[in-house]
Amino acid sequence: MIGTGHMGEAILKALSIKLEKTKYKMFILNRNEQKSQNLANLYKCNYLDYKQVINFNQFDIFILGFRPSDAKNFFKTFKLNDQKNKLIISMLNAYTIDTIKLNFENNINIVRIMPNMNASECKSSTGYVTYGVNKNLINIGIDIIKYFGKAYELEESNFSGFVALTGCAPAFIYEFINGFKEFAKECGYDLKQANEFIKDTIVATTNFALSEEYKLDDLINKIIVPGGPTEAGHNVLIHNNFKDILIKCFEASKEKS
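Just add 835 to wherever you are in the sequence shown, counting from 1, and you've got our numbering.
In structure tokens:
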């Protein structure tokens, strides 16, 4: 794995638990050697020294987890032989299959992915798009991404929307929960109580919301009593265009994906 930032470490954590140690030998590479050493010790893997000349041809599968802004310089030194037997698993944001292919021969194999931070708990929703003729190697790559959660094959034209809905959405949800916590604190509840309230309410509500048995508008109307407290709060959401704001968040994320 080349680059273990927040997302890279989340994946590394999952792979350290799920990956078959007798079948795979995992190495990590960062510009900060101390960081690599610390993570290697924590997750029981190997690390490469960035300052030394690295023979990338000793490896078969590469997970690219560095920042897209570093990609141009990295690809200048990333040279591979026998590319039909190499696999690139890329989570470089906004780097399409065609963009990645520019740095390789036509017989390279690519799995473009976008996981989310839930990968650290092996519960990521990961979208992927594939390219290449070595189907066995590509299928191995798909199996690897399933180690850190559910995997969904996508058309690349739908990839940016998926990134917004699953990759970016956790941050929006955390912000929403943050509002719950702040209000609970204002009401005098301690953190443990607040967390229990939030968890029970959100989990149960989500189950109802995602059931095909109910329409969301019907569920909302069942809770709202004219002149009651729910109506008062819901009116604030309506008057401040809460749903429109949320959709704008997704649209802004999609444009950057």
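Cβ coordinates follow ideal geometry from the N, Cα and C atoms, glycine included.
CB of Ser992 within 7 Å of CB of Lys1089, strictly | no
What is the residue span of the alpha helix (DSSP H) that Glu1010 lies within?
-> Ala1004 to Glu1021
So what does DSSP say about Phe891, is it helix, strand or coil?
-> helix
Okay, do the stretch 1002-1018 and the stretch 968-986 touch, 3+ Cβ pairs below 8 Å being the bar?
-> no
Which listed residue (Asn920, Gly967, Tyr882 and Asn928) has its alpha carbon closest to that of Ser904 = Asn928
If you run the structure through DSSP and keep just helix, strand and coil, what is Ile924?
-> strand
Spell out the partners DSSP gives Ala986 in its beta bridges.
-> Thr961
Taking the alpha carbon of Leu922 as the point to measure from, which residue in Met836, Ala1019 and Ala1067 has its own alpha carbon closest?
-> Met836
Please classify Tyr1049: does DSSP put it in a helix, a strand, or coil?
-> coil
Nonlocal neighbours in the same chain, by C-beta distance under 7 Å from Asn969, ignoring five residues either side = Lys919, Asn920 and Asn944
Can you name the start and end residues of the beta strand (DSSP E) that Met949 belongs to?
-> Asn944 to Met949
Figure out for me which residue from Tyr1009, Val946 and Ala986 has the closest Cα to the Cα of Glu1030.
-> Going by the sequence as given, residue 1030 is Asn instead of Glu. Of the candidates Tyr1009, Val946 and Ala986, the one whose C-alpha sits nearest the C-alpha of Asn1030 is Tyr1009.
Alpha carbon to alpha carbon, how far is Val1038 from Phe894? Give it in angstroms, no decimals.
-> 43 Å
Separation of Leu1026 from Lys1034, as counted between CA atoms = 12 Å
How big is the Cα-Cα spacing for Thr931 and Ser959?
-> 21 Å
Given Ile1058, which residues of its chain have a CB within under 7 Å of its CB, disregarding the five upstream and five downstream residues?
-> Thr1065
Could you check how far apart the C-beta atoms of Leu847 and Leu874 are, in whole angstroms? I think they sit under 8 Å.
-> 6 Å
Where Asn881 falls: helix, strand or coil (DSSP) = strand
Measure the alpha-carbon distance for Glu940 versus Phe913 and round it to whole angstroms.
-> 12 Å
Could you check the C-alpha separation between Gly900 and Lys1050 for me, to the nearest Å?
-> 40 Å
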